[in-house]
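Trainee:
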Amino acid sequence: METTLLDPVVGLVLEGRYRVERRLARGGMSTVYEGTDLRLDRRVAIKVMAEALASDPSFLASFNREARSAARLSHLNVVSVSDQGEDDGFVFLVMELVRGQTLREVIHQNGRLSPEQAFAVLAPTLSGLSAAHRTGLIHRDVKPENILLSSDGVVKVADFGLARAVAGTGTTSVTSGVLLGTIAYLAPEQIERGSADARSDVYAAGIVLYEMLTGKPPYSGDSALSVAYQHVNNDVPLPSSRVPGIPVEIDELVRSATRRDPAARPLDAGAFLAELFDVSTDLAMTRVTVPVPHRESPRPAHPASNPQQDHGDPGSTKPHSARASHTYRTAVLGTATGRSAAQRSTSPDTSVQGVMARPMTGRRPGSDGPARRQRRNGRIVLALILVLAAIAGGIGWWYGSGRYTEAPNVVGFAEAAAVDAVQDAGLDPIITEVFSETVADDKVISADPEAGAEIMRGSTVSLQVSKGLERFVVDEALIGQPEADVRAALVDVPIAVVPTEGFHEEVPAGSVFGFEPPAGTELRRDEQVTMLVSVGPEPRAIPQVAGATQEEAQAALAALGFVVDVREEFNSDVVAGIALGTEPAADAGPQAFGATIVLVVSKGPDLVAVPNVIGKDRDTAIAELQVAGFVAEATSFLGDRVSQQSPGPDELAERGSTVSILLSFF
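The sequence shown begins at 0 in numbering that gives the first Met the number 0 and counts up by one.
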């Protein structure tokens, strides 16, 4: 109390609104006070930054920016920021006043937690971080000191954005000592490159899980530099190596979150939360309670390493040891009770005392004197008054705040876990299953009302649960079927079928020979798929067959799918049976598959017998030769009758050739 009285900030009214009343905690970067918002008449926590930071212009710019970002974040599991300001050199942040303890104090007092208890603390922590990650806000300094357990069982994450604001001053290097208390939770990329994203928060949350399970962080050393070296160069040991019996699934969960390569970790706190619930479901973990401090001590948003603790509630007894310093109430893990004082059970500190024996009097046992009867009657009347008051209070509570509860945060939960959480809050879950491109199968996509909404007990909460990816597949058996049959088979499949024609050597025209993407590919709803319809084989060129035998030419044409007709012609230059060419000719260009091609084949020369015209007169001889297909060439030698002919009678000569005759007197 003496240090509080000597604190120059205590008693100030910052910006004419926030009265600083007592110091709660003090650290290297800030001091946290309890105070009153005079405008709204409410208790608040006031964080006043260290003078060295407050005088740094780069810090002030970053601090104001990060404070505005944090103030926009509204979530049940996040300490709310209501204001920030600067007054006469004092840079401060006004936050929700949380009564309870930090996770650091719980671990210090109780030692390691059971896996069920650790999961109970981590689940709402990740829920708060997930809400921040969805808005693009990164915490950068997740550690047990920044995880608060309120006296009514709500887990809250504090100090969003402060680490980034301080980082802007250049005072957060490993060797500076400023982050000596938090180096145990920094991800390798924060140490090596000074960069952080949602996966850095996942790493820190994994380290916190390790510490809850084992009672100590994975790395320790003589200096911050030695701890940093281990983060960068070593894999985080498995919790079971320190505490035998921890299930391998939990080992793997810690390993997944604390991989040195950020790309190998869960994408953000929401993805880590989904893995957490998968492990919880796989291990059939029971819902347990965690020790929640009964004392109503207000907790700052960022307790310091050696805080000046406030006094306990009036009437509380002073503890005899650190481990026995507090009595505890329990709250269902991971759920926010949000109950008023009227709803909370009687605390252990106010348990009913035993009735003491009264001193003996001169009256016999069983005889009631007037004073005793008066006292007994008074007690009866008092008891009746208390009973009636309790009934009236209960009715008033029910018709006031008692019949209302807060909708739990179940987004990202497995369906079974979400149903349990909703029912535990006194609400009725209504499940609607929908396909989702972004949310894994069996995980809650959204809830209506949203988390934190005040609704009447017994009301329904509509949960949209993912059925995973919606995909459709075209059956490979449709290939080779007529186009009309394929269209009929796909009419009820919600995809866009676009036909296109193409040549195919085997599938007949009018039938489907394939799809693009290929049949069997998973398709999204309304995704376009091209149906390839055959128009038969591709046109092909007529081969050059002149000079080949008739059999060879026919075989070559038939092999290309042509229909062959043969026509024979006499040819004086080409022997019989040899191809002369085709119609159309080979240079006519490609012809359709199945087209008819005429193969012209030589019959050789056209030979006929020369008629015998010897002894016949000139005119008769010439006429007979012409009838036989020859051209007569007559030579006269003092006469008009044929005495000689060449070729001779009955010799074979080519039709149209010349037959010479000699005319004489005979």
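Idealized CB from N, CA, C, for every residue including glycine.
Remember, predicted model here, so these are calculated numbers, not experimental data.
Using 10 angstroms around the beta-carbon of F271, count the other beta-carbons present and answer buried if the total reaches 16, otherwise exposed.
Mentor: For the purposes of this step, residue 271 is identified with residue 272 of the sequence shown, where counting begins at 1. Classification of F271: buried, given that the 10 Å Cβ count is 16 or more.
Trainee: Could you name the residues of the same chain whose beta carbon sits closer than 8 Å to that of T431, not counting the 5 residues immediately before and after it, in chain order?
Mentor: Here residue 431 refers to the residue found at position 432 when the sequence shown is read from its first residue. These residues qualify, in order along the chain: S461, L462, Q463, V464.
Trainee: By Cβ distance below 6 Å, which residues in the same chain neighbour R566 in space, the five residues on each side in sequence not counted?
Mentor: Reading the sequence shown from its first residue, position 567 is the one you call residue 566. Answer for R566: V597, V599, listed in chain order.
Trainee: What do you reckon, is the C-beta of Y184 under 8 Å from a heavy atom of the ligand FMN?
Mentor: This structure does not include the ligand FMN; it has no bound ligands of any sort.
Trainee: What's the C-alpha gap between V511 and M530?
Mentor: The residue labelled residue 511 in the question sits at position 512 within the sequence shown. The residue labelled residue 530 in the question sits at position 531 within the sequence shown. Cα to Cα, the separation comes out at about 7 Å.
Trainee: Less than 9 Å between the beta carbons of D525 and P493, yes or no?
Mentor: The count along the sequence shown starts at 1 and reaches residue 525 at position 526. The count along the sequence shown starts at 1 and reaches residue 493 at position 494. Contact flag set, yes.
Trainee: Near P448, which residues of its chain fall below 6 Å by C-beta distance, leaving aside the five closest residues on each side in sequence?
Mentor: On the sequence shown, position 449 is the one that residue 448 refers to. Once the five neighbours on either side are set aside, the close Cβ partners of P448 are A406, I454.
Trainee: Between G580 and the rest of its own chain, which residues show a CB-CB distance below 6 Å, the 5 nearest in sequence each way excluded?
Mentor: Position 581 of the sequence shown, counting from 1, holds the residue named residue 580. The answer, listed in chain order, is A545, V599.
Trainee: For I429, which residues in the same chain have their Cβ closer than 6 Å to its Cβ, ignoring the five residues on either side in sequence?
Mentor: Mapped onto the sequence shown, residue 429 falls at position 430. So the list reads T459, S461, once near-sequence residues are dropped.
Trainee: Please say whether L75 and G451 have beta carbons closer to each other than 9 Å?
Mentor: Within the sequence shown, residue 451 is the residue found at index 452, counting from 1. Within the sequence shown, residue 75 is the residue found at index 76, counting from 1. Yes, Cβ-Cβ distance for G451 and L75 is below 9 Å.
Trainee: Give me the residue from A223, S642, L252, E500 with the minimum Cα distance to A273.
Mentor: Here residue 273 refers to the residue found at position 274 of the sequence shown. Closest by alpha carbon: L252.
Trainee: Just checking, does the segment 210 to 228 make contact with the segment 180 to 195 on the three C-beta pairs under 8 Å criterion?
Mentor: Taking 8 Å as the limit for Cβ pairs, the verdict is that the segment 180 to 195 does touch the segment 210 to 228.
Trainee: Measure the alpha-carbon distance for H503 versus P589 and round it to whole angstroms.
Mentor: As a first step, residue 503 is located in the sequence shown; it is residue number 504 there, counting from the start. As a first step, residue 589 is located in the sequence shown; it is residue number 590 there, counting from the start. If I take the Cα positions, the gap works out to 16 Å.
Trainee: Would you decide whether P648 is buried or exposed? Buried here means 16 or more other CB atoms lie within 10 Å of its CB.
Mentor: Counting from one through the sequence shown, the residue named residue 648 turns up at place 649. Exposed, by the Cβ-count rule.
Trainee: So, at 8 Å on beta carbons, what are the nonlocal neighbours of P542 in its own chain, with the 5 sequence-adjacent residues on each side left out?
Mentor: Residue mapping note: residue 542 aligns to position 543 of the sequence shown, counting from 1. Correct list, in chain order: A555, L556, L559, A585.
Trainee: Quick one: Cα of G99 to Cα of M48, how far?
Mentor: Within the sequence shown, residue 99 is the residue found at index 100, counting from 1. Within the sequence shown, residue 48 is the residue found at index 49, counting from 1. In a straight line, the C-alpha of G99 is about 23 Å away from that of M48.
Trainee: Within 10 Å of its beta-carbon, does E537 have 16 or more other beta-carbons around it, so buried, or fewer, so exposed?
Mentor: Here residue 537 refers to the residue found at position 538 when the sequence shown is read from its first residue. Counting Cβ neighbours within 10 Å, E537 comes out exposed, since fewer than 16 surround it.
Trainee: Report the three-state DSSP secondary structure of Y403 (helix, strand or coil).
Mentor: For this step, residue 403 is matched to residue 404 along the sequence shown. Three-state DSSP puts Y403 in a strand.
Trainee: Which whole-angstrom value is the C-beta distance of T285 and E115, which I expect to be below 8 Å?
Mentor: For the purposes of this step, residue 285 is taken as residue 286 along the sequence shown, with counting starting at 1. For the purposes of this step, residue 115 is taken as residue 116 along the sequence shown, with counting starting at 1. 6 Å between Cβ atoms; contact.
Trainee: Thinking just about the alpha-carbon of each residue, which of D491, G457, D440, D605 is nearest to the one in G425?
Mentor: Translated into positions along the sequence shown, residue 425 becomes position 426. Cα-wise, what sits closest to G425 is G457.
Trainee: Pull up the DSSP beta-bridge partners for A557, would you.
Mentor: Taking the sequence shown and counting its residues from 1, one reaches residue 557 at position 558. For A557, which the question treats as bridged, DSSP gives no partner whatsoever.
Trainee: Around the Cβ of K155, are there at least 16 other Cβ atoms within 10 angstroms (buried) or fewer (exposed)?
Mentor: Within the sequence shown, residue 155 is the residue found at index 156, counting from 1. Buried, because 16 or more other Cβ atoms sit within 10 Å of the Cβ of K155.
Trainee: For a quick check, are the C-beta atoms of A203 and H138 less than 9 Å apart?
Mentor: Your numbering for residue 203 matches position 204 in the sequence shown. Your numbering for residue 138 matches position 139 in the sequence shown. Yes.
Trainee: Kindly indicate which residue of F592, V207, A60, S571 has the alpha-carbon position closest to the one of F561.
Mentor: If you number the sequence shown from 1, residue 561 lands on position 562. Closest option to F561, Cα to Cα, is F592.
Trainee: Among D196, D564, T595, which residue has its Cα nearest to the Cα of R264?
Mentor: The residue you call residue 264 lines up with position 265 of the sequence shown. Cα-wise, what sits closest to R264 is D196.
Trainee: Name the one or two DSSP bridge partners that I45 has.
Mentor: Along the sequence shown, read from residue 1 onward, the residue named residue 45 stands at position 46. Answer is Y32, V93, bridged to I45.
Trainee: What three-state label does DSSP hand F471 in the structure shown?
Mentor: The count along the sequence shown starts at 1 and reaches residue 471 at position 472. Reduced to three states, the DSSP call for F471 is strand.
Trainee: Residues in the same chain with beta-carbon distance under 6 Å from F276, minus the five sequence neighbours each way, listed in chain order, please.
Mentor: Translated into the one-based positions of the sequence shown, residue 276 becomes position 277. So the list reads F412, A413, A416, once near-sequence residues are dropped.
Trainee: Are the Cβ atoms of D260 and H132 separated by less than 9 Å?
Mentor: Your numbering for residue 260 matches position 261 in the sequence shown. Your numbering for residue 132 matches position 133 in the sequence shown. No; because the gap between Cβ atoms is not below 9 Å, this pair is not in contact.
Trainee: Taking the DSSP output, what are the residues bridged to G580?
Mentor: By 1-based counting over the sequence shown, the position of residue 580 is 581. Answer by DSSP bridge pairing, in chain order: V599.
Trainee: Where does the unbroken beta strand (DSSP E) through E504 begin, and where does it stop?
Mentor: Reading the sequence shown from its first residue, position 505 is the one you call residue 504. It is not in any beta strand (DSSP E) - E504 carries neither H nor E in the DSSP assignment.
Trainee: When you compare each of R198, V472, N145 to G135 by their alpha carbons, which one comes out closest?
Mentor: Within the sequence shown, residue 135 is the residue found at index 136, counting from 1. Comparing Cα positions, the closest option is R198.
Trainee: Mapping the DSSP letters down to three states, classify M284 as helix, strand or coil.
Mentor: For the purposes of this step, residue 284 is taken as residue 285 along the sequence shown, with counting starting at 1. Residue state, collapsed to three classes: coil.
Trainee: Check each candidate in I613, G110, L606 and name the one with the smallest Cα separation from F629.
Mentor: For the purposes of this step, residue 629 is identified with residue 630 of the sequence shown, where counting begins at 1. Ranking the options by Cα distance to F629, first place goes to L606.
Trainee: Go to A608, then tell me how far its beta strand (DSSP E) extends in each direction, as first and last residue.
Mentor: On the sequence shown, residue 608 is found 609 positions in, with the first residue counted as 1. Counting along the chain, the beta strand (DSSP E) containing A608 begins and ends at 606 to 608.
Trainee: Pull up the distance between the alpha-carbon of R38 and that of V278, whole angstroms please.
Mentor: On the sequence shown, position 39 is the one that residue 38 refers to. On the sequence shown, position 279 is the one that residue 278 refers to. So the two alpha carbons sit approximately 47 Å from each other.
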